[in-house]
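Visitor:
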Amino acid sequence: YFGQNKPVYERYAWRTIETDHFHIYHYLDNRERLDDIAAWSEHWYDYHQRVLRDTFTEHNPMIVYHDHPDFQQTYAVSSSIGIGTGGVTEALRNRVIYPLLLANQQTHHVVGHELVHAFQYHLILHGDSTSMRNLANLPLWMVEGLAEYMSIGRFDSHTTLWMRDAVMHGKFPTLKQLDDYATYFPYRYGQAFWAFLTGIRGDTIIRPFFVETAKRGLDSACLLVLGMDKDQLSELWKKSMEDYFGGFLKTTKENHIGSRLFSEENAGEMNISPVMSPNGRYVIFLSEKDLFSIDLYLADARSGKIIRKVGSSRRDGHLDDLNYIESAGTWSPDSKQFAYVGVKKGSSVLVIKDVATGRTVDEFFLDGVPYFSNPAWSPDGKTIVVSGMADGWTDLFAVRLADHRVTRLTHDRYSEVHPAWSPDGRQLVYATDRLSMERGRTHGKWTFNLELLDVATGARQAFDFFFGANNLNPVFDNEGQILFLSNRDGYRNLYRFDPATGRILQLTDFTIGITGITEFSPALSTATEARRLRVLFTLYEDGKYTIWRARPEDWLNRPVAPDDVDMRAAFLPRFN
3 YFGQNKPVYE
13 RYAWRTIETD
23 HFHIYHYLDN
33 RERLDDIAAW
43 SEHWYDYHQR
53 VLRDTFTEHN
63 PMIVYHDHPD
73 FQQTYAVSSS
83 IGIGTGGVTE
93 ALRNRVIYPL
103 LLANQQTHHV
113 VGHELVHAFQ
123 YHLILHGDST
133 SMRNLANLPL
143 WMVEGLAEYM
153 SIGRFDSHTT
163 LWMRDAVMHG
173 KFPTLKQLDD
183 YATYFPYRYG
193 QAFWAFLTGI
203 RGDTIIRPFF
213 VETAKRGLDS
223 ACLLVLGMDK
233 DQLSELWKKS
243 MEDYFGGFLK
253 TTKENHIGSR
263 LFSEENAGEM
273 NISPVMSPNG
283 RYVIFLSEKD
293 LFSIDLYLAD
303 ARSGKIIRKV
313 GSSRRDGHLD
323 DLNYIESAGT
333 WSPDSKQFAY
343 VGVKKGSSVL
353 VIKDVATGRT
363 VDEFFLDGVP
373 YFSNPAWSPD
383 GKTIVVSGMA
393 DGWTDLFAVR
403 LADHRVTRLT
413 HDRYSEVHPA
423 WSPDGRQLVY
433 ATDRLSMERG
443 RTHGKWTFNL
453 ELLDVATGAR
463 QAFDFFFGAN
473 NLNPVFDNEG
483 QILFLSNRDG
493 YRNLYRFDPA
503 TGRILQLTDF
513 TIGITGITEF
523 SPALSTATEA
533 RRLRVLFTLY
543 EDGKYTIWRA
553 RPEDWLNRPV
563 APDDVDMRAA
573 FLPRFN
């Protein structure tokens with residue numbers, strides 16, 4: 003009934019492919035991408051089946067959407083779907099529903115995550131002594147945490163960043179406190195819990211502990227499966243995690259550089275995706291300052307004084323939503339206009355605002371590119387490049403602003419994200435998983451390296467430094483060198499790379515790290531036309547996202563070898 007109230011902007015010609023264990027419903031024309039989805043689904047089925055020791059007796063339905071705006075229109079579930087929902091699995095029919103995401107690794111992960119839920123429902127609804135009502139006995143952090151643990155594993159620098167932050171600030175939770183979902187995100191802390199619990203006797207403990215919790219509750223599962231009560235397990239969990247992550251705290255307080263731009267008084271607790279104007283005078287960023295929505299704000303880049311609201315994630319008459327989780331906007335080279343990505347009528351839309359007046363200068367869809375993010379305005383002011391999805395692949399597209407003509411710059415199965423222009427407008431730098439997909443996964447994941455594209459010739463130059471780490475969010479500085487974020491040591495810090503010499507410098511040494519809401523969220527911006535280079539970045543600290551500014555004199559400038567990758571700080575501990 004409620005699903006009938008969802009707006010539907012396009013009718014899809016649904017087709018089906020069948021694998022050993024799935025009926026996959028889709029409307030994609032890209033056979034190579036369909037083969038990927040089929041292979042990934044069977045890969046995850048085999049893995050989850052071995053761990054959970056459960057078998058589907060019938061083909062499980064899987065509904066795949068081309069992109070997230072399409073997914074938000076699904077009738078398969080009645081509830082509304084927010085911009086941050088990566089997929090859903092409904093219990094009664096065990097249907098797995100998800101969109102393709104911008105990065106291959108993200109889609110691979112969401113398939114694995116949602117299939118854990120399919121196994122969870124199958125275990126409980128088809129169990130000898132469990133039924134639908136037993137699902138209520140399972141804490142959300144156990145359900146979502148298990149889906150994260152079984153689809154990501156112990157190696158996750160983003161989750162360990164959260165854990166270090168909680169330990170540093172004396173806020174690591176007990177098991178009882180994990181039920182406070184507003185404070186302790188169930189996905190991250192639940193993943194850490196299952197990584198810890200499997201240290202007792204490996205992954206074989208997962209099924210009995212999960213099923214017993216569903217039958218009689220967590221207290222009973224602790225006693226019957228572990229031989230200890232919940233409070234004892236909680237004490238072991240809390241102490242073990244504090245001891246382990248305490249060993250990875252470089253200091254008792256964060257190693258700040260630069261200065262904080264906004265306070266909680268003039269902004270919110272979550273201030274993300276800063277984009278500084280080329281002249282260095284202004285910044286536009288995302289904030290939940292108004293509590294009930296994520297909005298774009300214009301502020302003075304020197305004082306932090308907020309000038310006005312630019313756009314809102316709340317439906318306001320012309321846009322349905324903002325792409326606020328993994329996208330930032332871009333300034334025109336004269337610092338007079340700002341472009342960002344919205345969602346309208348089931349597709350991404352590019353919105354261009356006059357900064358001085360707040361007037362919408364232009365608003366348009368990109369022909370043949372229904373979903374895109376992270377626009378980058380060319381130095382000559384004539385073109386905007388985006389990372390977009392078409393035919394199931396994520397590539398770079400250029401749109402000519404004079405007539406909205408779209409040109410595809412890359413066309414392959416690899417994910418190209420976070421594009422940024424060189425100061426002379428001849429090259430684009432971006433992050434891509436090409437090397438990782440050619441060489442194979444690291445710790446079960448495809449990772450990102452940097453690449454340059456010559457816009458005129460299409461020639462590419464790949465950089466394989468820090469291979470196996472995620473090197474993201476590259477931006478040029480005013481000297482033609484590249485600043486970027488990397489987790490190459492298990493933390494998340496800022497680095498500077500000279501394409502001419504290959505020299506790499508580590509600029510920050512944060513104990514927690516620079517990050518947005520996800521690892522793929524843009525969290526770095528520079529002013530390249532200002533007389534002095536200035537950098538803005540988003541720092542995660544004490545459970546909050548804050549925006550900081552820094553100049554070259556603040557940086558460490560510590561040389562780093564291109565093969566210096568040590569990810570020990572990115573592993574979640576097992577019970578010892």
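First residue of the sequence shown? That's 3 in the numbering used here, and the numbers climb one at a time after it.
Virtual Cβ for every residue (Gly too), placed ideally from N, Cα, C.
As the structure is a prediction and not an experimental result, all values here were calculated from the model.
(1) Which first and last residues belong to the alpha helix (DSSP H) in which W557 is found?
(2) With 16 other CB atoms within 10 Å as the buried threshold, where does M243 fall?
(3) May I have a chain-ordered list of the alpha helix (DSSP H) segments no shorter than 4 residues that lie completely inside the segment 216-284?
(4) Starting from the C-beta of R190, find all residues in its chain whose C-beta is less than 6 Å away, skip the five residues before and the five after it, and write them out in chain order.
(5) Run through DSSP, which three-state label would L403 get?
(6) When you compare the segment 326-337 with the segment 515-528, are there three or more beta-carbon pairs, one atom per stretch, that lie closer than 8 Å?
(7) Are there 16 or more other CB atoms within 10 angstroms of the CB of Y3, so buried, or fewer, so exposed?
(8) With distance defined between alpha-carbon atoms, name the residue in D382, S314, A392 and S389 nearest to K355.
(9) Please check the pair G348 and P71, which I expect to be a contact at CB under 8 Å, by giving their CB distance rounded to whole angstroms.
(10) Go through its chain and collect everything with a Cβ distance to N325's Cβ below 6 Å, but skip five positions before and after it.
(11) Along the chain, where does the beta strand (DSSP E) that runs through P476 open and close?
(12) Looking at C-alpha atoms only, which residue of S527, W448 and Y14 is the closest neighbour of H111?
(13) Is the Cβ-Cβ distance between I286 and F198 less than 8 Å?
(14) Quick one: is L94 buried, meaning 16 or more other Cβ sit within 10 Å of its Cβ, or exposed?
(15) Name the one or two DSSP bridge partners that T1 has.
(16) If you compare alpha carbons, which of D479, P501, L474 and Q483 is closest to R490?
(17) Is the number of C-beta pairs between the segment 537-551 and the segment 255-266 that are closer than 8 Å three or more?
(18) Which same chain residues end up closer than 6 Å to D566 when comparing Cβ atoms and leaving out the 5 residues on each side of it in sequence?
(19) Determine the DSSP secondary structure at P377, reduced to helix, strand or coil.
(20) Could you check whether E256 and T513 sit closer than 8 Å to each other, using their CB atoms as the reference points?
(21) Pick from L298, D544, S417 and G383: whose alpha carbon is nearest that of G390?
(22) Would you check if the segment 466-473 and the segment 558-578 touch, i.e. whether three or more CB-CB distances between them fall below 8 Å?
(23) Just to confirm the assignment, what range does the beta strand (DSSP E) spanning F390 have?
(24) From the DSSP output, in three-state form, read off W550 for me.
(25) Tell me which same chain residues have a C-beta within less than 7 Å of the C-beta of A552, skipping the five on either side of it?
Guide: So, from the listed chains and residues:
(1) No residue range can be given for W557, since it is assigned to no alpha helix (DSSP H) and is classified by DSSP as neither H nor E.
(2) The residue is buried, with at least 16 neighbouring Cβ atoms inside 10 Å.
(3) Here the runs fully enclosed are 220-223 and 232-248.
(4) Within the same chain, R190 has close Cβ partners T161 and W164.
(5) Of the three classes helix, strand and coil, the one that applies to L403 here is coil, per DSSP.
(6) Taking a cut-off of 8 Å on C-beta distances, the segment 326-337 touches the segment 515-528, as three or more cross pairs fall below it.
(7) Any reading at Y3 must be qualified, since the residue scores a pLDDT of 36, below 50, and its modelled position is unreliable; the value itself is stated next. If you draw a 10 Å sphere on the C-beta of Y3, you find fewer than 16 other C-beta atoms in it, and that means exposed.
(8) When only C-alpha atoms are compared, the closest one is S314.
(9) Their Cβ separation, rounded to whole angstroms, is 5 Å, which keeps G348 and P71 in contact under 8 Å.
(10) If the five residues before and after N325 are omitted, its C-beta is found closer than 6 Å to the C-beta atoms of V343 and S375, all from its own chain and listed in chain order.
(11) Annotation for P476: the continuous beta strand (DSSP E) segment containing it runs N473 to F478.
(12) Distance check between H111 and each of S527, W448 and Y14 places W448 closest, using alpha-carbon atoms only.
(13) Going by C-beta atoms, I286 is not nearer than 8 Å to F198.
(14) Exposed.
(15) This structure does not reach residue 1, given that the chain is present from 3 up to 578, and the question cannot be answered.
(16) Minimum Cα distance to R490 is reached at L474.
(17) Yes: the two stretches touch, three or more of their Cβ pairs being nearer than 8 Å.
(18) Contacts found: none.
(19) When DSSP states are grouped into helix, strand and coil, P377 belongs to the strand group.
(20) For T513 and E256, yes; Cβs fall inside 8 Å.
(21) Ranked by Cα distance from G390, the options L298, D544, S417 and G383 are led by S417.
(22) Output reads yes: the segment 466-473 touches the segment 558-578.
(23) Checking the displayed sequence, the identity of residue 390 turns out to be Gly instead of Phe. That run of the beta strand (DSSP E) goes T385 to A392.
(24) Here W550 sits in strand by DSSP.
(25) Within the same chain, A552 has close Cβ partners I259, G260 and V537.
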